[in-house]
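> Take 1 as the starting number for the first sequence in UniProt numbering and just add one per residue. Glycine included, each C-beta is placed from N, C-alpha and C at the ideal position.
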Amino acid sequence: MAKSESSGDTGRPWQSYHTVYTNAKAGMEGVDKEKVQRIVYEMSKGSKYFENEERKEAYIKQKIENMQDQIAKLTDADISHYQKVADKRILELEATRDLTRIWLHVDMDAFYAAVETLSNPSLNGKPMAVGSMSMISTANYEARRFGVRAAMPGFIARKLCPELIFVPVDFKKYTHYSDLTRKVFQNYDPNFMAASLDEAYLDITNACYERDATGGEIAEELRKSVYEETGLTCSAGVGPNRLLAKVCSDINKPNGQFVLPNDRMAVMAFISSLPIRKIGGIGKVTEHLLRDAFGIVTCEEMLQNSGFLCALFSRSSADFFLSVGLGLGRTDTPEVKLRKSISNERTFSATDDEAFLYQKLADLAEMLSVDMKKEGLCGRTLTLKLKTASFEVRTRAVTLQKYIFSSEDILKHASKLLKAELPISLRLIGMRMSQFSEDKDGTPSDPTQKTLSNFIVTGDATGSNMDDRTPFGSDLKDEHFRTQLKASLPIDNHKLCHSDFRDPLESSEIPDAGNCNCILSYDGEMKKCDGALNKSKANFEGSSLDNVDKRTSLPNDEAVSSSNQKEQYLWVDDYKCLLCGVELPPSFVEERQEHSDFHLAERLQKEESSNLRNLTPKQRFIPTDKITSPSQNRRKKHKSSSTGKYLPIDTFFVKSNRNS
DNA sequence: GGGAAAACATTAT
DNA sequence: TTCCAATAATGTTTTCCC
């Protein structure tokens with residue numbers, strides 16, 4: 001943390017350059033923070049990266065000032081109102097406190113670095129970092145003493161520690177060791193939650209009971225067992241929920257553990273003086289904001305400022321902050337964790353060479369398609385991520401009417417998105433696919449269809465499933481709505497939140513499963529369907545609808561792209577539509593594509609309506625907005641990027657309940 | 001005005 | 001010499017369209 005908050009001390013400019021590198025981390029106790037700060041600053045100063053950081057910093061400052069203004073404007077009546085709101089909410093949250101589970105968080109010590117040392121013992125005792133000159137993934141404890149740490153670029157690390165040894169990342173190795181640790185975890189909680197290769201959460205309640213052991217004893221035993229199996233040390237935290245267990249595992253790192261008893265008094269005492277930055281989900285920005293706008297530094301102060309928090313933040317953010325103040329966290333084990341997106345991105349030296357950029361795009365599309373096929377995924381939202389030479393990040397997205405997975409389809413749409421941004425000098429391109437077909441959480445493929453499972457979002461101990469953007473204070477008057485909501489749900493929503501709620505219609509009987517190269521087997525796993533790929537390439541000649549999504553009944557892109565030949569003879573004399581007579585010359589490629597889409601949609605709709613009585617109610621649903629006419633479906637024109645302008649911010653946002 | 005999609009931002013490993 | 005990553009999730013704000 002920088003010592004001087006308000007800049008203006010010109011003698012030490014580095015003190016106002018806020019990096020994450022001086023934040024307290026295990027193994028960095030004896031570090032000369034002032035020196036690290038200065039070197040990081042000097043290495044960065046004047047770079048494009050630095051300039052971008054300054055832009056971001058100014059943006060945050062603006063946010064803080066805005067919030068301070070809002071606080072200043074609160075009347076006594078406002079304050080008293082929001083305090084009532086807060087007090088009520090605190091009681092409600094307190095009522096959800098669950099002290100019946102014992103959670104353990106395991107965190108491998110300097111995992112990648114430790115694995116590398118294991119396979120090359122000569123590294124032992126020397127400062128070493130896993131990563132490259134541009135980025136470090138993990139630093140061992142010897143290197144940390146120099147201020148070298150994860151997420152720091154290698155060239156700065158070398159400046160801090162000239163003898164630093166660099167070892168390239170080798171995920172195969174880490175995965176192997178990770179698997180070994182997980183075999184151990186399995187013995188204590190078969191449903192343990194892996195947070196990453198080197199971290200996991202275990203509900204050890206049953207293990208304690210079965211072995212007649214305390215949480216601390218189980219932690220000791222587990223750590224010993226991990227060491228025996230792998231030769232690697234880890235640290236553990238034991239607490240009544242995941243959020244607290246995670247905080248605890250950091251306390252006696254490395255190779256140590258800390259137990260927080262399942263006792264309300266103990267929890268409150270523990271939390272009271274804990275800096276908010278120790279909480280997972282509170283990062284540099286939130287820490288900064290809460291400190292400068294509210295004077296909040298410790299978790300206890302969240303409660304002391306509860307009224308203001310409720311007045312200024314969205315409901316979900318305020319709930320999260322209050323939960324932190326109470327030391328609450330998740331205690332349930334979600335049945336399955338579904339992937340929501342899949343992405344890749346690559347950094348390169350900045351260029352505006354369009355041929356190069358398109359080639360990168362093609363490479364990424366190919367890689368992404370391979371990854372998607374591996375997991376049997378098809379998605380309908382494609383997001384292009386661009387980082388300009390000046391580190392400005394832009395995202396451009398399209399949501400298609402058809403689920404895609406092939407590199408050709410991905411590239412086709414990604415190219416369109418990129419094209420709209422040219423000319424541009426980029427240093428990174430990335431792409432992400434989301435909105436998967438048959439999301440395993442029971443969300444129907446048809447995104448417009450509302451079902452109960454759509455309505456009930458997630459398991460949420462805080463009961464904050466309602467519109468987050470509703471100002472928190474308004475919920476006192478919304479009691480009526482809440483009651484209605486509850487009454488409309490036949491079952492306690494905690495029971496329904498997990499994926500055990502599945503519509504039988506979503507099983508493998510889905511008629512168009514072949515359309516996306518994957519089927520959903522009964523156990524909810526995506527299984528690759530051999531031959532589906534070829535099948536989906538088949539055209540729709542002879543009005544066969546085999547390859548077309550019958551639920552959405554759309555002029556899908558796959559069909560269109562595979563029907564280019566068909567598209568040819570839709571045009572009489574090469575410019576006049578055979579079906580409606582509209583005239584479009586061959587050079588109007590996109591327009592013609594859209595036009596044929598339109599006729600296809602028409603046709604499908606007709607066929608669909610004649611088939612309706614044979615389908616289940618769910619399959620019958622044809623969203624009318626999906627029947628696009630040529631004039632709809634036009635690509636939206638992006639306004640020029642608004643980045644760089646600092647607009648007044650009315651509210652701030654923080655993710656809530658992110659204590660995974 | 002409201003809902004969906006897009007854009008932007010934060011966090012974590 | 002080199003000059004700030006990749007992946008995923010989630011939340012807020014803005015834009016678009018009906």
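#1: Hey, could you find the ends of the beta strand (DSSP E) CYS299 is sitting in?
#2: ARG339 by DSSP, collapsed to three states: which one?
#3: Thinking just about the alpha-carbon of each residue, which of MET28, VAL184, PRO190 and VAL238 is nearest to the one in ALA143?
#4: Measure the Cβ-Cβ separation of GLY147 and VAL31 and say whether it is below 7 Å.
#5: For GLU392, which option in SER80, LEU422 and LEU428 has the closest C-alpha, if you only look at C-alpha atoms?
#6: Is the distance from the Cβ of TYR227 to the Cβ of ILE204 below 7 Å?
#7: Smallest Cα separation from TYR358: which of GLY256, LEU411 and PHE192?
#8: According to DSSP, simplified to helix, strand and coil, what is HIS105?
#9: Can you give the Cα-Cα distance for PHE166 and LYS173, rounded to whole angstroms?
#10: Roughly how many whole angstroms lie between the Cα atoms of ILE271 and LEU93?
#11: Restricting to Cα atoms, I'd like to know which of LEU422, ALA311, ARG394 and ALA350 is closest to LYS48.
#12: In three-state DSSP terms, what is THR117?
#13: Can you tell which of ASP179, GLY281 and SER273 has the C-alpha that lies nearest to the C-alpha of GLN304?
#14: Since GLY131 sits in a beta bridge, which residues does DSSP pair it with?
#15: Let me know if GLY239 comes out buried or exposed under the rule of 16 or more other beta-carbons within 10 Å of its beta-carbon.
#16: Which same chain residues, not among the five before or five after VAL285, have their C-beta less than 8 Å away from its C-beta?
#17: Quick one: is LYS224 buried, meaning 16 or more other Cβ sit within 10 Å of its Cβ, or exposed?
#18: Locate the alpha helix (DSSP H) running through MET372, then write down its first and last residues.
#19: Looking at the structure shown, is ASN344 part of a helix, part of a strand, or coil, going by DSSP?
#20: GLU525: buried (16+ other C-beta within 10 angstroms of its C-beta) or exposed?
#21: Just confirm the distance between the C-beta atoms of ALA293 and ILE79, as a whole number of angstroms; I'd bet it's less than 8 Å.
#22: Using only the alpha-carbon positions, how far apart do ILE156 and ASN255 sit?
#23: Go through its chain and collect everything with a Cβ distance to PHE111's Cβ below 6 Å, but skip five positions before and after it.
#24: In whole angstroms, give me the CA-to-CA distance for LEU243 and ASP353.
#25: Which partner residues does residue 667 have in the DSSP bridge list?
#26: I need the straight-line Cα distance from PHE192 to LYS183, nearest angstrom please.
#27: Find the nearest neighbour of VAL40 within the set ALA420, PRO153 and VAL106, judged by alpha-carbon distance.
#28: Under three-state DSSP, which class holds PRO13?
#29: CB-CB under 7 Å to CYS208, same chain, minus the five flanking residues each way: which ones, in chain order?
#30: Is DSSP giving GLU421 helix, strand or coil here?
#31: Are SER341 and SER235 closer than 7 Å when you measure CB to CB?
#32: Considering only heavy atoms of the ligand MN, does any lie closer than 6 Å to the CB of MET372?
#33: Using DSSP bridges, identify the partner residues of GLY239.
#34: Just mark THR331 as buried or exposed, buried being the case when its beta carbon has 16 or more other beta carbons within 10 Å.
#35: If GLU366 sits next to SER316, beta carbons under 8 Å apart, how far is it from one beta carbon to the other, in whole angstroms?
#36: Where LYS416 and THR388 are concerned, what is the direct C-alpha to C-alpha distance, given to the nearest angstrom?
In terms of the structure at hand:
#1: Premise fails: CYS299 is in no beta strand (DSSP E) and is neither H nor E.
#2: Correct three-state label for ARG339: coil.
#3: Among MET28, VAL184, PRO190 and VAL238, the Cα nearest to that of ALA143 belongs to MET28.
#4: GLY147 is a Cβ neighbour of VAL31, given a cutoff of 7 Å.
#5: When C-alpha distances from GLU392 are compared across SER80, LEU422 and LEU428, the shortest belongs to LEU428.
#6: Not a contact, by the Cβ cut-off of 7 Å.
#7: Of the residues GLY256, LEU411 and PHE192, the one whose Cα lies closest to the Cα of TYR358 is LEU411.
#8: Of the three classes helix, strand and coil, the one that applies to HIS105 here is strand, per DSSP.
#9: C-alpha separation (whole angstroms): 16 Å.
#10: Each residue's Cα considered, the two are about 16 Å apart.
#11: With distances taken between Cα atoms, LYS48 lies closest to ALA350.
#12: In the structure shown, THR117 sits in a helix (DSSP, three-state: H, G or I).
#13: With distances taken between Cα atoms, GLN304 lies closest to SER273.
#14: Beta-bridge pairing links GLY131 to ILE136.
#15: A residue is called buried once 16 or more other Cβ atoms fall within 10 Å of its Cβ, and GLY239 is buried on that count.
#16: Counting only Cβ-Cβ distances below 8 Å, and skipping sequence neighbours, we find ILE60.
#17: Burial call: exposed.
#18: Bounds of the alpha helix (DSSP H) holding MET372 are 354-375.
#19: DSSP, reduced to helix, strand and coil, places ASN344 within a strand of the structure shown.
#20: Residue placement at GLU525 is flagged as unreliable, the pLDDT there being 30, under the threshold of 50; the coordinate-derived value follows with that caveat. Exposed, by the Cβ-count rule.
#21: Incorrect: roughly 15 Å between the Cβ atoms, too far for contact.
#22: Going from the Cα of ILE156 to the Cα of ASN255 covers about 28 Å.
#23: Spatial neighbours of PHE111 in its own chain (CB-CB distance under 6 Å, excluding positions within 5 residues in sequence) are listed in chain order as ASP198.
#24: Going by C-alpha positions, LEU243 is about 47 Å away from ASP353.
#25: Nothing about residue 667 can be read from this structure; the chain reaches only from 1 to 660.
#26: Cα to Cα, PHE192 sits roughly 10 Å from LYS183.
#27: Of ALA420, PRO153 and VAL106, the residue nearest in Cα terms is PRO153.
#28: PRO13: helix per DSSP, three-state reduction.
#29: Answer for CYS208: ILE102, THR214, GLY215 and ILE218, listed in chain order.
#30: In the structure shown, GLU421 sits in coil (DSSP, three-state: anything other than H, G, I, E or B).
#31: Taking 7 Å as the Cβ cut-off, SER341 and SER235 do not qualify as a contacting pair.
#32: Only the bare structure without any ligand can be found here, which leaves the ligand MN out of the picture.
#33: BP columns for GLY239 point to TRP103.
#34: By the Cβ-count criterion, THR331 is buried, with 16 or more other Cβ atoms from all chains shown falling within 10 Å of its own Cβ.
#35: That belief does not hold up - the Cβ atoms of GLU366 and SER316 are roughly 38 Å apart, past 8 Å.
#36: Rounded to whole angstroms, the gap between the alpha carbons of LYS416 and THR388 is 18 Å.
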